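Below: one structure, written as structure tokens.
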């Protein structure tokens, strides 16, 4: 059904039927306008898509043209030549077809888009006429109604004037209606050709382009047939020679030496070279340099006739330049002793004064034998070491100058760089810079201001690596546990005061370097809005760098968060700590000797009678005598600390002398869990340094469970709430265990604690504020066993409690994140993997095995089990 016609005569009647027919025409015009709008939008999108297709096609063609087939040998067959130019032929065909299509799309804007937009403007003109018509209609009919509402009381002249005005409006209304009807009918007629004609032109252009593409395809057909035949013949030749290739491969697999490529060198192959090493004296382990060592893969060659050793490049070069090689003359070759290095298949090669002794690692035992036979190698001579390895420090003038220079460059260019110190720098570049620092005599040789060589990430990573690889951390092993204890205090003022005092107990060079580092961290944190590195974020980066325990334990790993708290205290109170010496620092030790001695004498109890199984060691006796003589003379003498002091787990009301409640809690669960094997010992507490666990031993064979042991202690009059300690049981002091004398007082006068506060009894314990987080599972179970006892003992002072020493060694660990490394000595693992036989290795690394493979593991990526 078509549209009803619009008669001009009906404009004067303006009947409802006329209005209905006019509405139908208006709806058709609105539908046409919307359709053209959508068509224009789709057409423009088509043109844009074709432009993107043309760009992609051009890239594809460039890729086809840029590749050249390289044949095996020095000559090619006709078929190979025909196949070699196939990619260029494909690219040319696609280019010609794309040009035809692109030409149509380029003209589409002119032949389709613009005409359609012009016709749509005519539709908009009809809409404008409609608005005028509706406005005139409303004006005319409102005037008619007003005129009809006039009263007879008006004068005749007024009626005549109103009638004349109404007649004028009627004439204007009819004229507007005629104009609108004419415009609507014209647009309806024009759309039949002005709408279709642009689309016809565009379609014709596409057909022309596709027809031209068909002509190109016909011309390409001859080459296509030739190419198909060449491909088939090439495939047939491959299939015919495949069996011969497999037969030759089997021969080489069975006897590779017989088919070895002839060479001028006696032996050649890959070796791993130990870079930047410091060899130890005879009979001792190799001592890594202050910045660690790296195993570098190298393809090496050796010619026996002139004893020439050629070391290939450590990295493959991607440029066309030939790789650089180093040539040396071998003096001697000795197999590396198995007790001198923790890697297999190693041997030392003496290259003379030019390179010294080079430690190499072969890929297998057979490979090592082959290299040693070619070099006339010999077995090592085992003898006892007669020299001690000196413990050196890198906190010298060169180290200070290096750190100051790095910080100066970082603060000049990188304070606003996001993730400063958090984003990890390339390890190879950092190791290279540290190696150059070892070799240079002046900072000018390093050229640190060269941004192309050393950017901000490398400089920041080098600062952390420098501090992390010091023989002793900035906060020292001696004061490590006391810093941790200070961070665990509940009162903020006590924490700050303790840390303030401990900082001034550091060696002068350590305190100066710490001052430089903390000032720099404060400066970086002041730009946290730009670099997103707050004080807390920086503390996470620098906590394990400037602080680390001498012995790695489960409790020490848990205490990492307290290391971060120490750094936060230093940064937030920098002016107070580093610019003001503690006012009572000179009298600090003397004051605490008397105060702690008085508290100790009030809490002394008789220990239970027993006889220790092992004789006391000389170190324990000397430590005890030093502690007692120090108390009498008022002087401060530090007793000898055992080589591996484990951190204690605090009891219910005892002090926090160990590593804190969190570590103790974990240890307690491991000690008393089902199936746990623990040697539990009880003794009187010997004299200990603040922050160290009080441990002793009694005969225990077989090991007793916790309940039986507590009952046995109570029958002997032992304490009601013993302190449980994780770690090795230490022998009792001479004269304490045998003679049943009172417990020797702890070493008094330790600096770094507020007045009346000690490492064994922090302020919170004396004031009755035992924090919930420090209560361990072991303490809770101990109290449960005590409540079952029929003879409760009176409460005793924390200093008089005996210690339970529980031997617990964690040899399993879980990976907390994914890790991959290009170094063959480092294990790759995924989150959740379980490692076995985990043992300490070098600083920041542990040794372990995963799926039967041994290697190094970053300790911060592990959670001990």
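Numbering (my numbering), first residue to last: 16 to 880.
For glycine and all other residues, C-beta sits at the position ideal for the given N, C-alpha and C.
Model, not experiment: these values are computed from the prediction.
* To do: Determine the extent of the beta strand (DSSP E) in which residue 455 is found, giving its start and end residues.
  => Element bounds for residue 455: n/a, residue is neither H nor E.
* **Given residue 119 as reference, the closest of 48, 219, 153 once Cα atoms are compared** => 219
* Asked: Rounded to a whole number of angstroms, what is the C-alpha to C-alpha distance between residue 121 and residue 52?
  -> 20 Å
* **For residue 361: DSSP bridge partner residues** => 376
* Asked: In this structure, does DSSP put residue 162 in helix, strand or coil?
  -> helix
* To do: Have a look at residue 875 and residue 392 and give me their C-alpha separation to the nearest angstrom.
  => 41 Å
* Asked: Name the DSSP bridge partner or partners of residue 535?
  -> Partner(s): none; residue 535 has no beta bridge.
* Does DSSP put residue 411 in a helix, a strand or coil? -> coil
* CA-CA distance, residue 764 and residue 483? -> With a pLDDT of only 41 at residue 764, under 50, the local geometry of the prediction cannot be trusted, and no value is derived from it.
* Asked: Is it a yes or a no for the segment 509–516 touching the segment 541–553, going by three-plus beta-carbon pairs under 8 Å?
  -> no
* Asked: So, using beta-carbon positions, are residue 877 and residue 860 closer together than 8 Å?
  -> no
* Asked: If you run the structure through DSSP and keep just helix, strand and coil, what is residue 488?
  -> coil
* To the nearest whole angstrom, what separates the beta carbons of residue 5 and residue 389, a pair I think is in contact under 8 Å? -> Only positions 16 to 880 of the chain appear in this structure, which leaves residue 5 out of reach.
* Asked: Which of helix, strand or coil does DSSP assign to residue 271?
  -> coil
* Asked: Who are the near neighbours of residue 560 in its chain, counting only those whose CB is closer than 6 Å to its CB and skipping five residues on each side?
  -> 479, 482, 483
* Asked: DSSP puts residue 849 in a beta bridge; with which residues?
  -> 829
* Whose C-alpha, out of 385, 324, 231, is nearest the C-alpha of residue 365? -> 324
* Asked: Which class does residue 112 belong to by DSSP, given the choice of helix, strand or coil?
  -> helix
* Asked: residue 514 and residue 592 look like a contact to me (Cβ under 8 Å); what is the Cβ gap, rounded to whole Å?
  -> 7 Å
* Taking the alpha-carbon positions, what's the residue 227 to residue 109 distance? -> 12 Å
* Terminal residues of the continuous beta strand (DSSP E) containing residue 864? -> 860–865
* Flag this pair as touching only if the segment 425–432 and the segment 458–477 have three or more C-beta atom pairs under 8 Å; answer yes or no. => yes
* Within the same chain, show all residues whose beta-carbon is closer than 6 Å to that of residue 448, passing over the 5 residues directly before and after it, in chain order. => 477
* Cβ-Cβ distance between residue 39 and residue 20 below 8 Å -> no
* To do: Measure the C-alpha to C-alpha separation of residue 241 and residue 111 and round it to an integer number of angstroms.
  => 21 Å
* Residue range of the alpha helix (DSSP H) that includes residue 510 -> 507–518
* To do: Can you say whether residue 326 is buried or exposed, counting buried as having 16 or more other CB atoms within 10 angstroms of its CB?
  => buried
* Asked: How many Å lie between residue 597 and residue 826 at the Cα?
  -> 43 Å
* What's the gap between the Cα of residue 425 and the Cα of residue 535? -> 9 Å
* To do: Use the C-beta contact count for residue 866: other C-beta atoms within 10 angstroms, 16 or more gives buried, fewer gives exposed.
  => exposed
* Asked: What residue from 80, 76, 99, 79 has the CA that sits closest to residue 87's CA?
  -> 99
* By a C-beta neighbour count over all protein chains shown, 10 Å radius and 16 as the cutoff for buried, is residue 321 buried or exposed? -> exposed
* **Rounded separation between residue 831 and residue 262 - CA only** => 49 Å
* Asked: Out of curiosity, what's the CA-to-CA distance linking residue 693 and residue 456?
  -> Confidence in residue 693 is poor, its pLDDT being 33 and thus under 50, which makes the residue's placement too unreliable to answer from.
* Asked: For residue 318, which beta-bridge partners are listed by DSSP?
  -> 323
* Asked: Buried or exposed: residue 207, going by 16 or more other Cβ atoms within 10 Å of its Cβ?
  -> exposed
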